[in-house]
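> Quick note on numbering: numbering that gives the first Met the number 0 labels position 402 of the first sequence as 401, and the sequence is numbered without any gaps.
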Amino acid sequence: MSKELGTRADDFSKWYNELVVKADLAEHSAVKGCMVIKPHGYAIWEKMQQALDTMFKDTGHVNAYFPLFIPKSFFSKEANHVEGFAKECAVVTHYRLKNSENGIVVDPDAKLEEELIVRPTSETIIWNTYRGWIQSYRDLPILVNQWANVVRWEMRTRLFLRTTEFLWQEGHTAHATAEEAIVETKQMLEVYADFAENWLAVPVLKGVKTANERFAGALDTYCIEAMLQDGKALQAGTSHFLGQNFAKAFDVKFTNKEGKLDYVWATSWGVSTRLMGALVMSHSDDNGLVIPPKLAPVQVVIVPIYKGVDGLDKISEIVDPLVKKLKQRGISAKYDKRDTHRPGWKFAEYELKGIPMRMAIGERDLENGTVELARRDTLSKETVPLENIEQKIEELLVDIQQNLYNRALKRREESTHIVNTYEEFKQALEKGGFVSAHWDGTPETEQKIKEETKATIRCIPLNNPQEEGKCIYSGKASAERVMFAIAY
RNA sequence: CGGGGCGUAGCGUAGCCCGGUAUCGCGCCUGCUUUGGGAGCAGGAGGUCGUCAGUUCGAAUCUGGCCGCCCCGACCA
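1) Is it buried or exposed for PRO291, if we count other Cβ within 10 angstroms and need 16 for buried?
2) Buried or exposed for HIS340, going by 16 or more other Cβ atoms inside 10 Å?
3) For LEU142, name the three-state secondary structure that DSSP assigns.
4) How many Å lie between PHE68 and ASN127 at the Cα?
5) Using 8 angstroms as the cut-off, can you tell me whether the region 205 to 222 makes contact with the region 291 to 301, which would need three or more C-beta pairs spanning the two stretches below that distance?
6) Using alpha carbons as the reference points, say which of ILE125, ALA407, VAL418 lies closest to MET226.
7) Looking at the strands, I want to know which residues DSSP matches up with ASN148.
8) Take TYR404 as the anchor and find which of VAL61, ALA200, ALA177 has the nearest alpha-carbon.
9) Is the beta carbon of ALA177 sitting closer than 8 angstroms to the one on TRP44?
10) If you draw a straight line from the C-alpha of LYS21 to the C-alpha of LEU311, how long is it?
11) With distances taken from CA atoms, which of MET154, HIS93, SER315, LEU278 is nearest GLY40?
12) Tell me whether ASP261 sits in a helix, a strand or coil according to DSSP, three-state version.
13) Check whether the region 9 to 23 and the region 281 to 296 touch, using three or more Cβ-Cβ pairs below 8 angstroms as the test.
14) Nearest to LYS336 by alpha carbon, out of ILE314, LYS352, ARG273?
15) Given this structure, state the Cα-to-Cα distance separating SER135 from GLU224, to the nearest angstrom.
16) Which of helix, strand or coil does DSSP assign to ASN98?
17) Tell me MET482's beta-bridge partners as DSSP assigns them.
18) What are the boundary residues of the beta strand (DSSP E) that includes TYR472?
19) Tell me, please, which residues DSSP counts as bridged to HIS239.
20) Work out the CA separation of TYR129 and ALA78 for me, nearest whole Å.
21) Could you tell me which residues DSSP pairs with HIS27 in its beta bridges?
22) Would you be able to state if there are at least three C-beta pairs under 8 angstroms between the region 43 to 59 and the region 314 to 324?
23) Where does the unbroken alpha helix (DSSP H) through ALA373 begin, and where does it stop?
24) To the nearest angstrom, how far is the alpha carbon of VAL81 from that of THR120?
25) If you drop the 5 nearest sequence neighbours on each side, which residues of the same chain put their C-beta closer than 7 angstroms to that of PHE240?
26) Can you check which of these residues, ALA210, GLN400, ALA42, is closest to GLN446 by C-alpha distance?
27) Span of the beta strand (DSSP E) holding GLY206?
28) Would you tell me roughly how many angstroms separate the C-alpha atoms of SER271 and GLN48, rounded to the nearest one?
29) Whole angstroms is fine: what's the gap from PRO4's alpha carbon to PHE11's?
30) Short of 8 angstroms in beta carbon distance, which residues of its chain neighbour VAL90, apart from the five on each side in sequence? Order them along the chain.
31) According to the neighbour-count rule (16 or more other Cβ atoms, all chains shown, within 10 Å of its Cβ), is THR377 buried or exposed?
32) Tell me the residue span of the beta strand (DSSP E) that contains ALA347.
33) Nearest to PRO140 by alpha carbon, out of GLY361, GLY83, HIS60, GLU362?
34) Pick out whichever of TYR94, ALA248, THR452 has its Cα sitting closest to the Cα of LYS110.
35) Ordered along the chain, which non-local residues of its own chain (more than five positions away) have a Cβ less than 8 angstroms from that of VAL207?
36) So is ASN144 buried or exposed if we call it buried at 16+ other beta carbons inside 10 Å?
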């Protein structure tokens, strides 16, 4: 059939690309490196947004919106920050087109006095704005988040994982003390980890980035790292302690309780549509997408099997009230009674699209007072009594959510290797997954290992046990293990 | 930016080496029969072959330029 997928074992990368397109999550657009997120994909993103937004609000944050364009001069104010982003910025230089013999051209007379940068992230415009909002400790903290699009002109792109334009949220907070900002940074990391595990059903490693991997302009970058089915790591979210770097760059001072002027302490944190990639690569199988129930646009699809209009009516008499009962329980059900597609077609379609549960009901079931329930995660089917079916469905959805998490956790644990020598290290990388090893703490060693093996230090895990050891590369003393992996 | 691939109907493709106005599958439309895992039969619609130029009586096919996208590497969330 036209919708047949390749397999993960055969070519994981190809499987992923095909799945994203065939499951109607997204497609390549006419613009290089940019994708169209299709309704099915966007519905999942909306579910993520909803859950995250609630978690942000519950931790005291509010939403606002800052401009897409940033004056070029803002970028040069924080040295590390410029360096980090300079190579991937889209720049607006003109503001008008005109007709010419060669068709529409940029009007050379409409050159901007100062070029505008399409935001790759918003620290600069936000801190320039915060200067006007903050005078006293009474104005602090500022706990703002924005949902936005950003542009990073990457050389190579990949649907959801790395696109030129992507959607994300970026939190930008301002605090009176370093301690408070650090608490905020860590709190948001916990929020992300909570979201990843309880909504995405993706277990994540919480940790701190090394200097090499740190956000440009941050003092510390905390992250959650996921392990995907192909044994590669994916940075799924970051939370940065920015110190006073941006306050100093944009001259944001406040009067503290002692009446002295001080620079404000900052954090920023974000997750993006990259999470969609994490979702797909964590749970899906060779039959198609698998979406955890808590993020599924539709949790249960109900497919009637009937002959003739009368047959459908009889089934609808049962199903229509059931859909209402499910809704009352907060379960989203779709009754697909389209006569334009046959049941088998619908089964295959919803399977490909990852709908967690399917209920089929036909004439035989009407006689027996039963329905057939199928779950997407295990592909198993069972015939169960219609009576009290909504409770059964509710229980199964919870079970599917949990099962997906357990499965992913088991996979991660099985693909986490502890090694003590560089030889073992390289062998472990062949197998894929996380590799826990001693490191001497220098950027040079980290760089060498990266050049030789492509593996990077994904993070230094939080609450990392202290343990005497020797760096696998240099043999120098090390006090703790760090987590390596080949990453997306 | 380097290497590779591709551009032919809505999608996926054959044809290109060896020039003669385009193949097949899916999808789409109509009708009948069907409906518990991507239905069957019959009929039908749909194409400036990415683009510009050249060679030729004649170009999807040969030549040159251009454009675009995808994949693989170096940079990054």
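Don't be surprised by glycine CBs; every beta carbon is placed ideally from N, CA and C. All of these numbers come straight from a predicted model, not from anything done at the bench.
Well, looking at it:
1) buried
2) exposed
3) strand
4) 13 angstroms
5) no
6) ALA407
7) LEU166
8) ALA200
9) No, the pair does not count as a contact, with Cβ atoms beyond the cut-off.
10) When rounded, the distance between both Cα atoms is 30 angstroms.
11) LEU278
12) strand
13) yes
14) ILE314
15) 37 angstroms
16) strand
17) SER435, CYS458
18) Per DSSP, TYR472 is not a residue of any beta strand (DSSP E), being assigned neither H nor E.
19) THR220, SER267
20) 19 angstroms
21) Residue pairing for HIS27: DSSP places it in a beta bridge opposite MET34.
22) no
23) Looking at the DSSP string, ALA373 is not in any alpha helix (DSSP H); the run it does join, the beta strand (DSSP E), is 369 to 374.
24) 11 angstroms
25) ALA180, ILE181, THR184, ALA217, LEU218, ASP219, THR266
26) Checked all of ALA210, GLN400, ALA42; the closest Cα to GLN446 is ALA210.
27) 203 to 207
28) 10 angstroms
29) According to the sequence provided, residue 4 is Leu. The question's Pro does not apply to it. Approximately 11 angstroms between the Cα atoms of the pair.
30) LYS71, GLU114, LEU115, ILE116, VAL117
31) exposed
32) Note, ALA347: premise wrong, no beta strand (DSSP E); alpha helix (DSSP H) at 342 to 351.
33) Nearest neighbour of PRO140 by Cα position, chosen from GLY361, GLY83, HIS60, GLU362, turns out to be HIS60.
34) Out of TYR94, ALA248, THR452, the CA that lies nearest to the CA of LYS110 is found in TYR94.
35) ASP219, THR220, TYR221, CYS222, CYS458, ILE459, LEU461
36) buried
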